[in-house]
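Position in the sequence shown (first residue = 1) + 555 = this note's numbering. One structure is given here, and the rest of the page talks about it.
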Amino acid sequence: MNHQVERERFIVAMRAEGMPELIAKKILRHAQTIQRCAELACSSEAADRDRVPCPAGTWDRSANHRASDSRVCWCHDDSAIPVSCSHCGCRPAGPCLCDAERGQKHETVPRIAVTSARAERLIREWAKKANGMLLESDVRQYGPDAPLRVFVPIFQGDPRGATVKIRVPSGKTGDWGQTGICVPAQGLPARAFR
556 MNHQVERERF
566 IVAMRAEGMP
576 ELIAKKILRH
586 AQTIQRCAEL
596 ACSSEAADRD
606 RVPCPAGTWD
616 RSANHRASDS
626 RVCWCHDDSA
636 IPVSCSHCGC
646 RPAGPCLCDA
656 ERGQKHETVP
666 RIAVTSARAE
676 RLIREWAKKA
686 NGMLLESDVR
696 QYGPDAPLRV
706 FVPIFQGDPR
716 GATVKIRVPS
726 GKTGDWGQTG
736 ICVPAQGLPA
746 RAFR
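Written out as structure tokens, the structure is:
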């Protein structure tokens, strides 16, 4: 089946469940990123060699910080990074992807792991926005006792199947495991052997 047809069918299915078309397209975009990162993680040693600092080892600064190095909080040394700084309010820029224990220094991680984690976070945020819009329309239609219906993203790392699925409010599924509707994503183009 044509990839464009699959994308359109996904958008129609999400619209039927109450998700706005814009949000469905955003989820498709980020699912594409996750699919490509999963393929690279399985098949490319070069992807593992391209490493960046762990997101939890860098600080997301509040406005009162003026340091040029975003990896250092003035209130703490780099070796023991807490969940948030009680003095200045800054936090780690993202989740720990290097499995560092509390009090240990964070290591480098593959760039594709950071990219994939960012795409997963964005899909969760878009699903949460769709849930809020769905709740507002249900409350208008049913009143304060509206049934709770939500979109739940499900992530799987095997690139041979759907890396992202969405559990929909009606309970419909589009996969053999009966977990949710598969988000269509195209992988990297295959190269011919010479």
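For every residue, glycine included, the Cβ atom is placed at its ideal position computed from N, Cα and C. From a predicted model like this one, the values you see are computed outputs, not experimental measurements.
Using the beta-carbon count (16 or more within 10 Å), is residue i buried or exposed?
i, result
"A685", "buried"
"E563", "exposed"
"M558", "Correcting the residue identity first, residue 558 is His in this sequence and not Met. H558 comes out exposed."
"A622", "Unreliable positioning characterises A622 in this predicted model, as indicated by a pLDDT of 42, which lies under 50. The coordinate reading is nonetheless provided below. Label assigned to A622: exposed."
"A618", "In this prediction, A618 scores a pLDDT of 43, lower than 50, which makes its location untrustworthy; the coordinate-derived value is nonetheless stated afterwards. The residue is exposed, with fewer than 16 neighbouring Cβ atoms inside 10 Å."
"L652", "buried"
"V664", "buried"
"P650", "exposed"
"L595", "buried"
"R626", "The pLDDT assigned to R626 is 46, lower than 50, so where the model puts this residue is not dependable, and the model offers no usable value."
"R695", "exposed"
"S671", "buried"
"W681", "buried"
"A601", "exposed"
"R591", "buried"
"A571", "exposed"
"E675", "buried"
"V723", "buried"
"H609", "What sits at residue 609 in the sequence shown is Cys, not His. Classification for C609: buried."
"G549", "The question about residue 549 has no answer, for the chain in this structure spans 556 to 749."
"V560", "exposed"
"G712", "exposed"
"G735", "buried"
Between which two residues does the beta strand (DSSP E) carrying residue i extend?
i, result
"T663", "663-665"
"R722", "719-722"
"R591", "Here R591 belongs to no beta strand (DSSP E); instead the alpha helix (DSSP H) covers 576-598."
"R606", "606-608"
"P708", "707-710"
So residue i is in the alpha helix (DSSP H); what residue range does that whole segment cover?
i, result
"F565", "558-572"
Taking the DSSP output, what are the residues bridged to residue i?
i, result
"C737", "K720"
Would you call the segment 577-594 and the segment 708-720 touching, i.e. three or more CB-CB distances under 8 Å?
-> Taking a contact to require three or more Cβ pairs closer than 8 Å, the segment 577-594 and the segment 708-720 qualify as touching.
Touch check for the segment 686-694 and the segment 599-608: three-plus C-beta pairs under 8 Å?
-> Because the criterion of three Cβ pairs below 8 Å is not met, the segment 686-694 and the segment 599-608 do not touch.
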